[in-house]
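Asker:
Chains as they are written, first to last, in the working numbering: chain A, 1 to 409; chain B, 1 to 409.
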């Protein structure tokens with residue numbers, strides 16, 4: 001079963017609008033075990049749409065078209081569909097009557113051009129639009145299927161989820177199972193090397209590496225009746241190879257995992273951060289309900305703030321520099337002492353682009369973890385990238401260092 | 001001049017990743033006066049890539065390909081390009097040496113497969129990658145051009161902006177001038193209403209509204225010999241209509257503008273934030289060089305932190321609640337007193353999804369600005385959206401409130 005998606009709109013090509021419809025439709029299909037083979041964006045131009053639909057119908061069993069159904073762009077999609085499928089455009093009085101009744105019921109004035117919404121290609125199936133005036137359309141010819149939906153996300157989404165994807169999945173008779181695991185601290189190449197032989201030996205499971213600045217998500221998928229068993233076997237073999245890079249056997253942020261660990265251990269946390277400038281505290285409080293374990297954070301950007309807010313000995317900074325092991329330790333311990341939290345993460349480093357020296361280059365970060373009643377640990381890391389990437393990775397490394405400490409490693 | 005874009009990656013079709021690269025590249029081309037005619041997403045599959053490149057080269061003068069250059073997907077894009085252009089793949093020792101030197105300089109161990117990054121199609125031009133290991137590629141044959149860039153946004157973006165788009169624009173001989181202005185606090189509809197008659201009366205300037213969670217950027221473009229004069233005239237007429245929603249006559253973040261104002265006035269700043277949890281401090285320190293004016297930040301997420309770190313009277317919270325005008329004022333004044341900065345922004349609010357009540361619903365935010373020697377001001381705002389959006393907008397509103405205070409409004 002091959003499916004292609006054509007998203008229509010000049011705003012998708014000019015950088016004006018992010019194509020969230022393509023993501024939604026791809027995700028809904030993937031969840032149903034159907035892979036989207038291709039996605040194409042074209043402007044709302046009759047000839048371009050006709051050409052794209054013809055090409056996609058040549059390759060795919062199903063073509064989904066989104067956009068270009070509204071009255072303001074002259075219903076360009078319906079005209080193109082009618083031409084490709086050699087259908088006349090028919091005026092449906094019952095559609096217009098239903099639209100008028102709905103507007104009356106809502107006490108709203110219909111916009112101009114309502115009539116054009118009642119004109120549809122002949123012999124099509126309609127999908128009602130609960131939130132707008134443009135109906136969805138499904139038609140078929142010679143074993144090929146086409147569905148057209150509006151471009152407005154909230155009108156399009158129920159049509160895709162409730163009508164079109166179930167229809168495609170029923171035809172495809174697919175049963176794909178997939179799992180997403182979350183890793184951090186290993187580059188994609190190291191993960192790949194760790195899994196390479198397994199990927200080769202277990203070809204019934206396909207693996208996708210989904211990297212971001214914060215780590216790599218791994219998605220395993222398997223098809224057919226044995227999918228569940230294949231995934232279980234794969235998971236069992238993959239787990240030890242990932243060592244401590246694997247932080248969750250689901251698709252979740254590290255801040256949520258650290259939050260769960262703190263909740264379980266009934267520990268509270270505070271942070272002291274310099275180069276990340278608030279990002280570490282922001283990450284921890286991205287989690288709804290973080291107020292039960294996050295006490296506070298110190299953004300001690302200036303050296304003066306390090307000494308005044310955290311009570312650090314100014315000589316420590318003078319002697320070792322603000323980016324150093326003793327300062328990172330003193331930040332973590334100072335924050336812990338002042339807030340009476342159970343643990344603290346401290347980060348100090350050089351995010352750049354300025355401020356680097358040959359001895360302390362941009363990307364040099366010192367992390368420290370202080371835990372009440374335990375010894376403070378510190379670690380140096382070196383990060384690549386621009387200012388934003390270095391800050392993002394430093395915060396992630398701080399969270400991960402605490403995770404490993406709480407795991408007892 | 002026709003340009004098509006092929007974005008490669010199964011993650012773009014499975015709904016896992018939003019295609020921000022397509023938006024960025026479309027936007028950069030539009031800025032240079034070149035329209036993207038088509039965008040295509042396909043999986044990292046050799047045959048699919050070969051077919052898509054051939055089709056696009058048949059229609060377009062330039063084809064840009066992003067993704068599939070990393071070592072783990074077997075450099076599938078390079079192999080496809082080599083096949084389409086009938087080029088051999090050549091090992092470039094100088095690329096490997098340069099990569100190894102960079103890793104050595106950073107004191108980091110390169111991952112495996114570094115060698116594959118030195119294998120490139122013959123007779124190609126390379127675009128250096130400052131932030132990763134995969135170089136960009138440009139090649140040409142029979143009057144057609146192809147550029148391939150990595151899929152990692154931070155690595156791809158400078159290649160597109162600094163190398164590929166200028167090259168396309170130079171060939172296209174378009175002479176589009178455009179300016180981007182930055183606004184905040186007005187919705188797109190209000191901006192449109194303010195500019196509507198002007199857009200109608202000055203048709204030689206086209207206007208794009210580029211909304212985000214933090215505000216709307218306005219892009220004015222004009223073509224031809226009179227473009228400069230047309231933009232000047234338009235700018236002169238637009239300026240007063242935007243009132244104080246306009247914060248910069250360039251494309252820049254509000255944190256940078258506030259930073260410049262603080263530098264100019266030789267003022268230092270601290271922040272005290274509750275619901276934004278570090279995001280406000282993070283925004284201020286996103287600016288390189290912020291250490292000259294950012295002293296520190298308090299993330300006082302728990303009520304205990306508000307009283308202990310900022311010396312707030314616990315009765316104030318008991319009587320008015322943590323999200324209230326008196327608490328916002330006390331946060332700003334407490335931070336100012338403790339850090340001896342010249343000004344302070346305080347934010348307290350309910351970011352949700354939990355914690356709302358009928359009297360204090362999710363989205364209710366209190367902001368306060370304290371300035372040394374001046375009266376503290378406070379303001380209530382109500383924001384819509386999910387947790388992330390509310391936090392982002394609250395931090396933006398805090399920065400904007402300080403901007404307006406510093407402007408003397």
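Virtual Cβ for every residue (Gly too), placed ideally from N, Cα, C. Remember, it's a predicted structure, so these values are computed and weren't measured experimentally.
Start and end of the beta strand (DSSP E) containing residue 248 of chain A?
Answerer: 246 to 248
Asker: Quick one: is the Cβ of residue 166 of chain B within less than 7 Å of any heavy atom of the ligand MN?
Answerer: Because no ligand of any kind appears in the structure shown, any question about the ligand MN cannot be addressed here.
Asker: Using beta carbons (cut-off 8 Å, strictly below), is residue 158 of chain A in contact with chain B?
Answerer: no
Asker: Could you check whether the Cβ of residue 30 of chain A sits closer than 8 Å to any Cβ belonging to chain B?
Answerer: Chain B contact via Cβ: present.
Asker: What is the DSSP secondary structure of residue 298 of chain B, reduced to helix, strand or coil?
Answerer: strand
Asker: What's the gap between the Cα of residue 387 of chain B and the Cα of residue 59 of chain B?
Answerer: 44 Å
Asker: Note down the Cα distance separating residue 259 of chain A from residue 354 of chain B, rounded to an integer number of angstroms.
Answerer: 17 Å
Asker: Counting Cβ pairs closer than 8 Å, one from the stretch 178 to 187 of chain A and one from the stretch 245 to 264 of chain A, do we hit at least three?
Answerer: Yes, they touch.
Asker: Within 10 angstroms of the Cβ of residue 283 of chain A, are there 16 or more other Cβ atoms? Answer buried if so, exposed if not.
Answerer: Answer is buried; the Cβ neighbour count reaches 16.
Asker: Does the Cβ-Cβ distance between residue 119 of chain A and residue 80 of chain A come in under 8 Å?
Answerer: Cβ atoms of residue 119 of chain A and residue 80 of chain A: not closer than 8 Å.
Asker: I need the boundaries of the beta strand (DSSP E) containing residue 211 of chain A, first residue and last residue.
Answerer: 205 to 212
Asker: Tell me which residues share the same chain as residue 8 of chain A and place their Cβ nearer than 8 Å to its Cβ, disregarding the 5 neighbours each side in the sequence.
Answerer: 41, 42, 43, 44, 49, 65, 66, 67, 68, 76, 77 and 151
Asker: Using a Cβ cut-off of 8 Å (strictly closer), state whether residue 247 of chain A contacts chain B.
Answerer: no
Asker: Applying a beta-carbon distance threshold of less than 7 Å, which residues of chain B neighbour residue 42 of chain A?
Answerer: By Cβ distance, chain B contributes 38.
Asker: Comparing C-alpha positions only, which one of B/136, B/383 and B/131 sits nearest to residue 351 of chain B?
Answerer: B/383
Asker: Using a C-beta to C-beta distance shorter than 9 Å, which residues of chain B count as neighbours of residue 47 of chain A?
Answerer: Result: empty, since nearest Cβ-Cβ is about 12 Å, beyond 9 Å.
Asker: Can you check the stretch 24 to 78 of chain B for any beta strand (DSSP E) of at least 3 residues that lies completely inside it and give the ranges in chain order?
Answerer: 36 to 42 and 62 to 66
Asker: Counting only the same chain and skipping the five closest in sequence on each side, list residues whose C-beta sits under 8 Å from that of residue 164 of chain B.
Answerer: If you ignore the 5 residues before and after residue 164 of chain B, its C-beta comes within less than 8 Å of the C-beta of 64, 127, 136, 138, 147 and 149, all in its own chain and listed in chain order.
Asker: Which same chain residues, not among the five before or five after residue 237 of chain B, have their C-beta less than 7 Å away from its C-beta?
Answerer: 198
Asker: Please list the terminal residues of the continuous alpha helix (DSSP H) segment that includes residue 339 of chain A.
Answerer: Its alpha helix (DSSP H) spans residues 325 to 339.
Asker: Measure how close the beta-carbons of residue 20 of chain A and residue 153 of chain A come, nearest whole angstrom, since I'm counting them as under 8 Å.
Answerer: 6 Å
Asker: How long is the line joining the alpha carbons of residue 106 of chain B and residue 33 of chain A, rounded to whole angstroms?
Answerer: 43 Å
Asker: Looking at residue 257 of chain A and residue 403 of chain A, is the spacing between their C-beta atoms short of 8 Å?
Answerer: yes
Asker: In whole angstroms, what separates the C-alpha of residue 84 of chain B from that of residue 39 of chain A?
Answerer: 21 Å
Asker: Considering Cα atoms alone, identify which of A/124, A/94, A/37 and A/332 is closest to residue 87 of chain A.
Answerer: Considering only alpha carbons, the answer is A/124.
Asker: Please list the partners that residue 327 of chain A has in chain B, where partner means a Cβ-to-Cβ separation under 8 Å.
Answerer: Chain B residues near residue 327 of chain A: none, gap ~15 Å exceeds 8 Å.
Asker: What do you reckon, are the CB atoms on residue 360 of chain A and residue 323 of chain A nearer than 8 Å?
Answerer: Yes, Cβ-Cβ distance for residue 360 of chain A and residue 323 of chain A is below 8 Å.
Asker: Would you list the residues sitting across from residue 144 of chain A in a DSSP beta bridge?
Answerer: A/141
Asker: So, at 8 Å on beta carbons, what are the nonlocal neighbours of residue 325 of chain B in its own chain, with the 5 sequence-adjacent residues on each side left out?
Answerer: 366, 368, 378 and 380
Asker: Could you please give me the residues that DSSP links to residue 366 of chain A through a beta bridge?
Answerer: A/348 and A/380
Asker: Might you give, ordered along the chain, the residues of its own chain that have their beta carbon closer than 6 Å to the beta carbon of residue 390 of chain B, omitting 5 neighbours on each side?
Answerer: 351, 363 and 383
Asker: Taking Cβ positions, are residue 281 of chain B and residue 277 of chain A nearer each other than 8 Å?
Answerer: Remark: C-beta atoms of residue 281 of chain B and residue 277 of chain A approach each other more closely than 8 Å.
Asker: Answer yes or no: do residue 289 of chain B and residue 310 of chain B have a C-beta to C-beta separation smaller than 8 Å?
Answerer: no
Asker: So if DSSP puts residue 89 of chain B in a beta bridge, which residue, or which two residues, is it bridged to?
Answerer: B/121
Asker: Rounded to whole angstroms, what's the CA-CA distance from residue 55 of chain B to residue 5 of chain A? Just pull it up for me.
Answerer: CA-CA distance, residue 55 of chain B to residue 5 of chain A, rounds to 17 Å.
Asker: What is the residue span of the alpha helix (DSSP H) that residue 387 of chain A lies within?
Answerer: 387 to 406
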